[in-house]
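One structure below.
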Amino acid sequence: MKKRISLCFLAILGLSIACKEEGKADYLPESVGAMNTLTVVIDNDLWNSSVGDAIRENYTAAAQGLTWDEALFSVTQIPQQIFSGSIRNTSSVLYVMEDTLNVAHMKSNMYSKPQKVGVIKGRDKEELIANINKTAPEFIADFKELEIGKAQKRFEKSLSKEKAFQNKFDISMKIPSIYRVGREEDNFVWIDRQIQKGNMNIIAYTMPWDSFKNDSTFVQDIIRMRDSIGELYIGGEDIPGKKNHMVTEKAFSPYVFPAEVSGKKAAEARGIWEMSAYPMAGPFLTYIINDKENKRKLILEGFVFAPATKKRDYMFELEAIMKSVRFNVGEKEK
């Protein structure tokens, strides 16, 4: 009987704590901060030491698949004594300090919502550096996931009413209303938005379910697929004697990673596109999604043309849109 009462007490205590945490989150202010920014809370002496070097090596490394080097995050460093008031409402925070403890973990919604605070402590510089390097991949993924969610929530304020993707592929995405359908074919939809020095684009099409069977030629198969779609649908002004269309940059193969999109297994490819007969280029991000229920591969791709302009945040917006994809929309609306 005593054991049963103790178990009940623990269950009630756990529920009470959970409710308190949930209640706390309800009263937190909205987090602030520009896209892909990271506030690093660390004393100036540590920031200017090998500890700061480790942070910079991990969090300001070049983002992959861009036409020139741009850091993963725009980092702002502040000492601990300044980390107070509204500054604590920053959405992405990395808190690093020497302490009697050797710990590293991620906390959510400490001072605002949504918010991620990566806490790294160590008894000396060596422990801090080890913790920074060990946790960086996980922390970067957490910060990026937070930013994706924030962007998608921002899109909801003014969503496009275009139905081209739904009508052609039975999918939906959270697409800002500024995007317009530029081209629509039997197995191809292209939307774009104009920006100050160019444009941002998303295309969608499908491939047979049994495509990409050979792992040893996977990257080459992606390139062939992209180049064939570019030749069919994404042309430029022809040069005398030459047809001009989008191709994958020949000098460097795209980076390819396993991914998950809308709960489905996928492949992610990042690289540079160029025009076959004219000096134009820019970054692209392609998702090859295993849509088993519909026995197809759904291809979503975002690409940017913005000469002499930073493109990290443009590509991040396209990534957030494509990762919002939902399948079998028509069935759910019946």
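Counted the way mature numbering (1 follows the signal peptide of the UniProt record, and there is no 0) counts, the sequence shown spans residues -20 to -1, 1 to 314.
Built from N, CA and C at the ideal position, the CB exists for glycine as well.
- For Phe285, the uninterrupted beta strand (DSSP E) segment begins and ends at 276 to 285.
- Straight-line spacing of the CA atoms in Arg103 and Pro9 works out to 33 Å.
- One alpha carbon belongs to Gln174, the other to Lys101, and they sit about 45 Å apart.
- Separation of the CB atoms of Val76 and His85 is rounded to 13 Å, and the pair is thereby denied contact status at 8 Å.
- If one requires a minimum length of 3 residues, the beta strand (DSSP E) runs lying completely within the stretch 88 to 165 are 96 to 102, 160 to 165, in chain order.
- In the DSSP assignment, Gly210 falls within the unbroken alpha helix (DSSP H) covering 198 to 213.
- For Arg68, there is no enclosing beta strand (DSSP E), as DSSP marks it with neither H nor E.
- When DSSP states are grouped into helix, strand and coil, Met295 belongs to the helix group.
- The residue from Tyr7, Gln176, Gly251 with its alpha-carbon nearest to that of Ala288 is Gln176.
- Here the C-alpha atom of Ile209 lies approximately 50 Å from the C-alpha atom of Val83.
- Here Lys290 carries a coil assignment [DSSP, helix/strand/coil].
- The three-state secondary structure of Val305, taken from DSSP, is coil.
- Within its own chain, the residues whose Cβ lies closer than 7 Å to the Cβ of Asn111, once the five positions on either side in sequence are excluded, are Ala84, Ile100, Gly102, listed in chain order.
- Judged by DSSP secondary structure, Tyr267 falls within the beta strand (DSSP E) whose first and last residues are 258 to 271.
- When secondary structure is reduced to three states using DSSP, Gly251 falls in the strand class.
- At the C-beta level, Arg250 and Gly45 come within 7 Å of one another.
- Between Met180 and Tyr294, the gap from beta carbon to beta carbon is short of 7 Å.
- Nearest C-alpha to Ala239 among Ile35, Glu299, Asn308: Glu299.
- If you ignore the 5 residues before and after Phe123, its C-beta comes within less than 8 Å of the C-beta of Leu18, Phe53, Ser72, Lys96, Gly98, all in its own chain and listed in chain order.
- Note that the C-beta distance between Glu125 and Arg292 is not below 7 Å.
- The C-beta distance from Glu281 to Leu265 rounds to 7 Å, short enough to meet the 8 Å contact threshold.
- Around the Cβ of Leu212, a 10 Å sphere holds fewer than 16 other Cβ atoms; the residue is exposed.
- Between Val305 and Ile151, the CB-CB gap stays under 7 Å.
- Ala239 is bridged by DSSP to Ala246.
- The Cβ neighbour count for Ala184, taken over all protein chains shown within 10 Å, is at least 16; the residue is labelled buried.
- According to DSSP, Ala300 shares a beta bridge with no other residue.
- Distance check between Asp218 and each of Ala257, Val236, Ser196 places Ala257 closest, using alpha-carbon atoms only.
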